[in-house]
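Structure, as structure tokens:
2 protein chains.
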Amino acid sequence: MAAPFTIGLIQMAPEKTVAASLEKAAGRIEAAAKAGANVVCLPELFATPYFCRTQDHDAFNLAEPIPGPTTTAMAEAAKAAGVVVVAPLFERRGPGCYQNSLAVLDPDGNHAGVYRKMHIPHDPGFEEKFYFAPGDLGFKTFQTPFGPIGTLICWDQWFPEAARATALLGASVIFYPTAIGWHPSEKAEYGETQRDCWITIQRSHAIANGLYVAAVNRVGTEGSGEGYGETLEFWGSSFVADPSGRIVVQAGITAEDILLAEINPQTIETTRRHWPFLRDRRIDAYAGLGKLYGE
Amino acid sequence: MAAPFTIGLIQMAPEKTVAASLEKAAGRIEAAAKAGANVVCLPELFATPYFCRTQDHDAFNLAEPIPGPTTTAMAEAAKAAGVVVVAPLFERRGPGCYQNSLAVLDPDGNHAGVYRKMHIPHDPGFEEKFYFAPGDLGFKTFQTPFGPIGTLICWDQWFPEAARATALLGASVIFYPTAIGWHPSEKAEYGETQRDCWITIQRSHAIANGLYVAAVNRVGTEGSGEGYGETLEFWGSSFVADPSGRIVVQAGITAEDILLAEINPQTIETTRRHWPFLRDRRIDAYAGLGKLYGE
């Protein structure tokens, strides 16, 4: 049985410039490593504002190639701290082709790989189909020096198919870097239900697949005169659920934080032996999942 | 938009004979109808003991064909009450071929169809692979006079694939007749986590698919000298979750009960317009779901 390892979740808000955000993130990575983390994950698009609040052609200027300034800085931070870093960014593939991606950076400073967000949302304030081509790499598990990690991004978290496909590739933990929050006008009536749905669906992926889930959200309010559209209040609440869906650690709604949690392969093994869902899947009968609707 | 309709969940324990269980169920169906139910669901294998606690060749004597005594009695109850009845039973297809099934019975007393449990558990005290061939009819939604209902059975509830496939066939509500409970020796240490997992995974199906979920469990303790192996304490807790995963009604852990809840197609429509997961599924990228593990 592989040894346990420790993950670190950086719940943070961006600074006013990308350079300042990268410096802040590097500091948090170092702090998480000193506290014992082996694999550290940052929030979705952590180095920039959440520009998807509106459709702004100039916002494409925020995109970077891989490798580029953000992945280079995070690779340096990974190497300096001796950890794996999961670094989400706005990726520029080429003129007119942009994606919502993350890079996995190894403790030796090398690039271990890329995941590109497969499920792209689009609704008022989260206008991502304007910016991002859907992912073209499929679902991913990365073999890091500490253990196998799966990566998905935000809206992917609502799709049990994505969690299952990632789990079947051997992940011990699925990271969900996220940018989810409240429209101020909706918060009083729908806010708590929305946040509870978000927690519940991710806990359910832990239960259905017998693995750990780590949700890493942005925090703080963006908008009010800073450009990029209306105000959103990111609800923080980053958490880790164990293979029985129990929340083992959770951040608050408004403050930046660093969370740590152990990923124990023995717990995964024991959980799956007792509730052996992976034994009983009906792979002969799932053709309907390949349709959008109907027979 | 179709009109709302009302579902009734019968949380009950079996009587000492099948005939007495059928009489009791007919009374509960009548009571649910009088209270306003249009579609009434009974627990898994409601008319018999939960004989799967052990492997007993004589227990196959409890199986019946469809049509047979149980479906005939429940069809009469459906007609008398003017409701749809979802009636689970131990089905005998022929010598050596038995299944864990349910019949859907219309208010005119006709058989609307059959669903056969697709995912079959097997672990100590729930030794179902000994008794039941896995379902051969795939996933099902039935067009009843009141609205479209999906049906799955117990262990199916741990598989997001089953809920998704059923939802895509047009169900407004998925019924999960269930027989789940505690081993007395495990209850103190694991009992609350097990029950919470069971609630959470089913709430997640409501959220992921934007529909209602109705879990209909057995209740009471079976065992202690009545045959069929060791004691199990069925944990009741039957509930209905709305399309946002909120529990709108729930029964207790130890007592029989009748629950009622409205199924509102407008709520489904509104929920899915605001969180349009069915728009964004990546049906081009789910090939991995057709494998048990690995690439």
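Heads up: the sequence lines are chains D and F, in that order. This note's numbering numbers the first residue of the first sequence as 209 and each following residue consecutively. This note's numbering numbers the first residue of the second sequence as 209 and each following residue consecutively. All C-beta atoms, glycine included, are put in the ideal place defined by N, C-alpha and C.
Could you have a look at residue i and say whether DSSP puts it in helix, strand or coil?
{"i": "F:N472", "result": "coil"}
{"i": "D:V226", "result": "helix"}
{"i": "D:I382", "result": "strand"}
{"i": "D:E299", "result": "strand"}
{"i": "D:Q263", "result": "coil"}
{"i": "D:A311", "result": "strand"}
{"i": "F:W483", "result": "coil"}
{"i": "F:D492", "result": "coil"}
{"i": "F:R236", "result": "helix"}
{"i": "F:K325", "result": "coil"}
{"i": "F:Y420", "result": "strand"}
{"i": "D:K395", "result": "helix"}
{"i": "D:E441", "result": "strand"}
{"i": "D:P356", "result": "strand"}
{"i": "D:F268", "result": "helix"}
Is there at least one Cβ from chain F nearer than 8 Å to residue i's Cβ?
{"i": "D:S229", "result": "no"}
{"i": "D:E369", "result": "yes"}
{"i": "D:I476", "result": "no"}
{"i": "D:I491", "result": "yes"}
{"i": "D:L376", "result": "yes"}
{"i": "D:Y501", "result": "yes"}
{"i": "D:C405", "result": "yes"}
Looking at the C-beta of residue i, does it have a partner C-beta in chain D at a distance below 8 Å?
{"i": "F:D488", "result": "yes"}
{"i": "F:H327", "result": "yes"}
{"i": "F:A416", "result": "yes"}
{"i": "F:P257", "result": "no"}
{"i": "F:Y193", "result": "Since the first and last residues shown for chain F are 209 and 503, residue 193 of chain F lies out of range."}
{"i": "F:C260", "result": "no"}
{"i": "F:P342", "result": "yes"}
What residues of chain F sit near residue i, judged by a beta carbon separation below 9 Å?
{"i": "D:T401", "result": "S452, G453, R454"}
Whole-angstrom Cβ separation of residue i and residue j, contact assumed at under 8 Å?
{"i": "F:P296", "j": "F:E252", "result": "5 Å"}
{"i": "D:Q307", "j": "D:G343", "result": "7 Å"}
{"i": "F:E434", "j": "F:T214", "result": "Incorrect: roughly 35 Å between the Cβ atoms, too far for contact."}
{"i": "F:L313", "j": "F:A283", "result": "4 Å"}
{"i": "D:L217", "j": "D:V424", "result": "5 Å"}
{"i": "F:F350", "j": "F:A320", "result": "5 Å"}
{"i": "F:G437", "j": "F:T256", "result": "About 14 Å; that fails the 8 Å criterion."}
{"i": "D:W390", "j": "D:G399", "result": "5 Å"}
{"i": "F:A221", "j": "F:R426", "result": "6 Å"}
{"i": "D:V247", "j": "D:I357", "result": "6 Å"}
{"i": "F:V291", "j": "F:P315", "result": "6 Å"}
{"i": "D:I476", "j": "D:S380", "result": "6 Å"}
{"i": "D:K499", "j": "F:I491", "result": "7 Å"}
{"i": "D:A422", "j": "D:C249", "result": "6 Å"}
{"i": "D:N417", "j": "D:A449", "result": "Not really, about 11 Å apart at Cβ, beyond 8 Å."}
{"i": "D:F254", "j": "D:A233", "result": "6 Å"}
Report the neighbours of residue i on chain F: residues whose CB is nearer than 8 Å to its CB, in chain order.
{"i": "D:W390", "result": "What D:W390 touches in chain F: nothing, since even the nearest Cβ is about 13 Å away."}
Using a Cβ cut-off of 7 Å, pull out every chain F residue sitting near residue i, in sequence order please.
{"i": "D:A373", "result": "Y494, G496, L497"}
{"i": "D:F485", "result": "W366, F367"}
{"i": "D:P277", "result": "Chain F residues near D:P277: none, gap ~30 Å exceeds 7 Å."}
Using a cut-off of 7 Å between C-beta atoms, extract the partners of residue i located in chain D.
{"i": "F:R411", "result": "T408"}
Taking Cβ-Cβ distances shorter than 8 Å, what residues in chain D pair up with residue i?
{"i": "F:W363", "result": "D488"}
{"i": "F:F347", "result": "A493, G496"}
Can a CB atom of chain A be found closer than 8 Å to the CB of residue i?
{"i": "D:D450", "result": "Structure shown: chain A not included; protein chains present are D and F."}
Quick check: is any heavy atom of the ligand ADP less than 7 Å from the C-beta of residue i?
{"i": "F:C305", "result": "For the structure depicted, the ligand ADP is absent and the ligand set is empty, with no information on it obtainable."}
Does the structure place the stretch 383-399 of chain F close enough to the stretch 362-369 of chain F that three or more beta carbon pairs sit under 8 Å? Three or more pairs of CB atoms, one per stretch, sit closer than 8 Å, so the stretch 362-369 of chain F contacts the stretch 383-399 of chain F.
With a cut-off of 8 Å, do at least 3 Cβ pairs link the stretch 401-416 of chain F to the stretch 448-459 of chain D? Judged by Cβ distances under 8 Å, the stretch 401-416 of chain F makes contact with the stretch 448-459 of chain D, as three or more pairs qualify.
Determine contact between the stretch 272-286 of chain F and the stretch 228-243 of chain F, defined as no fewer than three beta-carbon pairs at a distance below 8 Å. Judged by Cβ distances under 8 Å, the stretch 272-286 of chain F makes contact with the stretch 228-243 of chain F, as three or more pairs qualify.
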